[in-house]
């Protein structure tokens with residue numbers, strides 16, 4: 001995989017590099033802001049509660 005330059009991205013960014021037959025030499029990179037700690041923790045708690053209801 002080609003080296004991806006990280007120096008212009010923020011620590012809170014979510015970054016995905018997709019490599020495939022068509023993107024072998026130049027990966028498709030998708031980047032955007034993350035939700036943050038509070039939103040992520042709330043989503044995890046919600047998922048756990050939903051799972052507990054299903055069991």
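Numbering (UniProt numbering), first residue to last: 1 to 55.
Just so it is clear, CB atoms sit at the ideal spot from N, CA and C, and this is done for glycine as well.
As for any beta strand (DSSP E) of minimum length 3 sitting wholly inside the UniProt domain "Homoserine dehydrogenase catalytic" (12–48), the runs are 13–18 and 28–33, ordered along the chain.
A contact between stretches requires three or more CB pairs, one per stretch, nearer than 8 Å, and the region 11–20 meets this requirement with the region 29–48. Cβ neighbours of residue 28 within its own chain (closer than 7 Å, five residues either side excluded): 18.
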